[in-house]
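Student: Note that numbering that gives the first Met the number 0 numbers the sequence shown so that position 276 is 275, with each residue one more than the last.
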Amino acid sequence: MSTRLSARYRVRCPDGSIDARAQSLAIEQSIEMPLDAVRDARVRGEVVGRVQSIEPSRDAPGHFDVVLALAAETVGDEPGQLMNMLFGNCSLQPDVELVDVQLPPPMLESLPGPRFGIDGWRVAVGAAGTQRPLSCTALKPQGLAPDALGELAYAFARAGIDVIKDDHGIADQVAAPFAQRVPVVQAAVERANREKAGADGALAGHRSVYAPSLSGGPRRLGAQLRVARDEGVGALLACPMIVGVPTFVELLRAEAGVPLLAHPALAGHARIAAPLLLGRLFRLFGADATIFPNWGGRFSHPRDDCLAIADAARAPLGAHRPALPVPAGGMSVERVDEMLDDYGADTMLLIGGNLLAAGSEMPARAAEFAARVARAFVPHEP
0 MSTRLSARYR VRCPDGSIDA RAQSLAIEQS IEMPLDAVRD ARVRGEVVGR VQSIEPSRDA
60 PGHFDVVLAL AAETVGDEPG QLMNMLFGNC SLQPDVELVD VQLPPPMLES LPGPRFGIDG
120 WRVAVGAAGT QRPLSCTALK PQGLAPDALG ELAYAFARAG IDVIKDDHGI ADQVAAPFAQ
180 RVPVVQAAVE RANREKAGAD GALAGHRSVY APSLSGGPRR LGAQLRVARD EGVGALLACP
240 MIVGVPTFVE LLRAEAGVPL LAHPALAGHA RIAAPLLLGR LFRLFGADAT IFPNWGGRFS
300 HPRDDCLAIA DAARAPLGAH RPALPVPAGG MSVERVDEML DDYGADTMLL IGGNLLAAGS
360 EMPARAAEFA ARVARAFVPH EP
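1. I'd like to confirm the pairing. Which residues does DSSP put opposite Arg7 in its beta bridges?
2. Going by C-alpha distance, which of Phe298, Glu249, Asp35 and Leu148 is nearest Ser109?
3. Check each candidate in Ser207, Val226, Ala201 and Arg206 and name the one with the smallest Cα separation from Leu213.
4. Hey, quick one: how far does the beta strand (DSSP E) through Phe291 stretch, first residue to last?
5. Mind the definition here: the stretch 230 to 239 touches the stretch 196 to 211 only if three or more C-beta pairs lie below 8 Å; say whether that holds.
6. If you draw a straight line from the alpha carbon of Val47 to that of Asn83, how long is it in whole angstroms?
7. Threshold first: 3 residues or longer. Then list the beta strand (DSSP E) segments lying entirely within the stretch 164 to 240, N to C.
8. Asp166 to Asp146, Cα distance in whole Å?
9. Do Gly278 and Pro113 have their beta-carbon atoms positioned less than 8 Å apart in this structure?
10. Give a yes or no on contact between the stretch 335 to 351 and the stretch 370 to 379, applying the rule of three or more CB pairs nearer than 8 Å.
11. Please state the DSSP three-state secondary structure of Val37.
12. Should Gln28 go down as buried or exposed, given a rule of 16 or more other Cβ atoms within 10 Å for buried?
13. Should Gln223 be labelled buried (16 or more other beta-carbon atoms within 10 Å of its own) or exposed?
14. How would you write the range of the alpha helix (DSSP H) that Gln22 sits in, first residue to last?
15. Drop a sphere of 10 angstroms on the beta-carbon of Ser134, count the other beta-carbons inside from all chains shown, and report buried for 16 or more, exposed for fewer.
16. Check Pro78 in the structure and name its three-state DSSP category.
17. For a test of the three-state rule: what should DSSP assign to Met361, helix, strand or coil?
18. Under a Cβ-count criterion, where at least 16 other Cβ atoms within 10 Å of its own Cβ denotes burial, should Met0 be classed as buried or exposed?
19. My assumption, with CB atoms under 8 Å, is that Val98 sits in contact with Ala272. Please give the rounded CB distance.
20. Using three-state DSSP, classify Thr2 as helix, strand or coil.
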């Protein structure tokens, strides 16, 4: 008998039809043809999906939680095919959501997971051996020239922000092509780091890292990786659902050589539960940190989902390192203490527009943000 993975779906269906609906889902996510037409005994016994359980959903009236056992051999060792077998065809059916997945140990071990994880991020910013949270901001808006982006990056780095990423919408546009932008911004961050190396107080020895946004097909991504390596950037940003899961795993995770930050563009409200997709799967595919929309901002994820994303990013998962959860999306400096109370020290807080909105006071506001994050959880002397 073949090893099987377990996938849990939430299905909207009348009571009297759920048994047949669950069976049709098992067929759709395995052989995609009438069961009676399958003549091969091994395929019928080992490949056809099985309905493991059906229970009324406690969280969604009128829905059922259906658990399917799917043959691991149909996935092989390719992460994109894992996504296909979990939610390929049934993603086209509006009554189905993918809620959770349990992978057999060999499959779990075959996925790369984070190369650096939470400890690696702290090493990157000169906070090795500490348990402090990290701060992050974004260079924006689109349309700025490399020099203007470099000036912003310098101010953020000089303020002590740990990770300075491109806004994910900044790609390879004419205003700031990747090959021109990255050297300028990286040089600005390095200049700020040199100045901090000679500083006293909280900024002494602090290192900011720049995470340029990777975009495009494999050839363009390969060229961007070469530029990033040549310039010595400290991290990278990519959108797994835009570049594609196989590309994220096989090219970016394998070749980055620095911590990898995953952005959730195209991943929201896609009928794959956010804790599963943004928390666990992005982590398994190699993200060292995963950005997600926090409640109370520009997006509508509920609080419980946000906390569950963070838990999925950090919870024990075979031999894989934990990833940093990165709550974001219209956050403000005033919410720093609240977010850290909710998420704890193993967190990276991302605030962008709220800093830029301060205008001429932006450097001071950025410094306040960085300091509030850096000193959180530090014991106060009596």
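Beta carbons are placed, not taken as given, at the ideal position from N, Cα and C, and that holds for glycine.
Tutor: In short:
1. For the purposes of this step, residue 7 is taken as residue 8 along the sequence shown, with counting starting at 1. Arg7 is bridged to Val66 and Asp99.
2. The residue labelled residue 109 in the question sits at position 110 within the sequence shown. With distances taken between Cα atoms, Ser109 lies closest to Glu249.
3. As a first step, residue 213 is located in the sequence shown; it is residue number 214 there, counting from the start. When each option's Cα is compared against that of Leu213, the closest is Val226.
4. The sequence position of residue 291 within the sequence shown is 292, counting from 1. For Phe291, the enclosing beta strand (DSSP E) covers residues Ala288 to Pro292.
5. yes
6. Within the sequence shown, the letter at position 48 stands for residue 47. Within the sequence shown, the letter at position 84 stands for residue 83. Whole-angstrom Cα-Cα distance: 15 Å.
7. 208 to 210 and 235 to 237
8. Here residue 166 is taken as the residue at index 167 of the sequence shown, counted from 1. Here residue 146 is taken as the residue at index 147 of the sequence shown, counted from 1. In a straight line, the C-alpha of Asp166 is about 16 Å away from that of Asp146.
9. Working through the sequence shown from its first residue, we reach residue 113 at position 114. Working through the sequence shown from its first residue, we reach residue 278 at position 279. No, they are not a contact pair.
10. yes
11. Here residue 37 refers to the residue found at position 38 when the sequence shown is read from its first residue. Coil at Val37, not helix or strand.
12. In the sequence shown, the residue the question calls residue 28 occupies position 29. When all chains shown are included, Gln28 counts as buried.
13. As a position in the sequence shown, residue 223 is number 224, starting the count at 1. So Gln223 ends up on the buried side.
14. If you number the sequence shown from 1, residue 22 lands on position 23. Gln22 -> alpha helix (DSSP H) spans Ile17 to Glu27.
15. Here residue 134 corresponds to residue number 135 of the sequence shown, with the count starting at 1. Buried, by the Cβ-count rule.
16. Within the sequence shown, the letter at position 79 stands for residue 78. Correct three-state label for Pro78: helix.
17. For this step, residue 361 is matched to residue 362 along the sequence shown. In this structure, Met361 counts as helix in the three-state DSSP scheme.
18. As a first step, residue 0 is located in the sequence shown; it is residue number 1 there, counting from the start. At Met0 the pLDDT is 37, less than 50, meaning the model places this residue with poor confidence; the figure from the coordinates comes in the next sentence. Counting the other CB atoms within 10 Å of its CB gives Met0 a total below 16, which places it among the exposed residues.
19. Position 99 of the sequence shown, counted from the start, is the residue given in the question as residue 98. Position 273 of the sequence shown, counted from the start, is the residue given in the question as residue 272. About 5 Å; that satisfies the 8 Å criterion.
20. As a first step, residue 2 must be located in the sequence shown, where it is residue number 3. DSSP places Thr2 in coil when its eight states are reduced to three.
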